[in-house]
Amino acid sequence: MDEGAKEKGLTNTTVVLMICVALFYDALQWLLGWIFMGWLVTIYAGLTFYVWFKIKGISFMKLKRLATFSGSFIIELIPVIGDVLPAWTASIVYLAIDSKIKKVAGAIPGGNIALSAAGNKIIRNKNMARVNNMGRVKPMSGNSEEIKEASRKRGIEHNTKMEEDKKNFEARNKRWEEQRQEQHKFEEEYGGYQKYDKDLSELRYKYRNSSSSTDKAA
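Quick look at the structure:
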């Protein structure tokens, strides 16, 4: 006999009571959340439902149940978010309905087998959907010839751009060299770089002094 058959299950009255208590705890936590005391309700609610489910023979050793119950407990501990979201109600509704479905399936001959087959079918459909989505993904390119042609075109474009950049660089260097030679020729005709630089400095000094004198006269 499997674990699902050993569990007592929940009656309709118990399910309704659990949902009502969960709603009460969520409402109370929302009210106490305004004074930042909602976490107290989370602790009491967690203990209440854990003991309640254990009394009714519902085990939390199953991963899905444990993840649902623990997830609700953690969410309710988060400030603001836990106070607003009705995590306990959602968790209890899911756990109660899951227990009822398994109880009904266990009472019907072959029900557990049908339930397991339905679960396997859902998983199989999800896997098939993933495979179909992967099949619809278009390849990045066509055959090997198209790939080679695209690669060759990119190489030509890259080489062309490199040649243009090289020509522009050489043209800038040529203009700079011509300007430097013209400047050097002018300095030589003037009497040398030192004389040119000295006279230029004197002209700047005289210009500054004349500007200062004009400003004072004004």
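Quick note: the sequence shown uses this note's numbering, first residue 1, plus one each step.
Glycine included, each C-beta is placed from N, C-alpha and C at the ideal position.
Given the structure is predicted, the values throughout are model-derived calculations rather than measurements.
Please identify the residue among the options whose C-alpha is closest to the C-alpha of residue i.
i: Tyr44; options: Glu189, Phe24, Tyr94 and Arg65; result: Phe24
i: Phe60; options: Asp26, Ala96, Thr160 and Phe36; result: Ala96
i: Ile35; options: Leu47, Ile58, Glu188 and Pro79; result: Pro79
i: Val16; options: Gly71, Val51 and Tyr94; result: Tyr94
I'd like the list of long-range same chain contacts for residue i, defined as Cβ closer than 7 Å, with 5 residues on each side in sequence excluded.
i: Gly191; result: none
i: Ile92; result: Met18, Ile19, Ala22 and Phe49
i: Trp39; result: Leu77
i: Met1; result: Only weak support exists for where Met1 lies, its pLDDT of 40 falling under 50; the value from the coordinates is given anyway. Around Met1: no qualifying Cβ.
i: Glu164; result: none
Please look up how many angstroms separate the CB atoms of residue i and residue j, rounded, as I've assumed it's under 8 Å.
i: Thr14; j: Lys56; result: 6 Å
i: Asp234; j: Gly33; result: Residue 234 lies beyond the range of the chain shown here (1 to 218); nothing can be said about it.
i: Lys100; j: Leu10; result: 6 Å
i: Phe73; j: Thr42; result: 7 Å
i: Leu85; j: Ile75; result: 6 Å
Could you pull the start and end residues of the alpha helix (DSSP H) that residue i belongs to?
i: Phe24; result: Asn12 to Leu32
i: Lys56; result: Looking at the DSSP string, Lys56 is not in any alpha helix (DSSP H), and its letter there is neither H nor E.
i: Ile81; result: Ile81 to Val84
i: Ile75; result: Leu63 to Leu77
i: Met162; result: Ser144 to Tyr190
Do we get a CB-CB distance below 9 Å when we pair residue i with the residues of chain B?
i: Ala87; result: The structure shown contains no chain B; it holds only a single protein chain.
Is residue i near the ligand GTP, judged by its Cβ being under 8 Å from some heavy atom?
i: Val80; result: In the structure on display, the ligand GTP does not appear, and there are no ligands present to speak of.
Within a Cβ cutoff of 8 Å, which residues of the same chain sit near residue i, ignoring the five residues on either side of it in sequence?
i: Lys64; result: Asp98
What residues in its chain sit with their C-beta under 6 Å from that of residue i, if we drop five residues either side in the sequence?
i: Gln183; result: none
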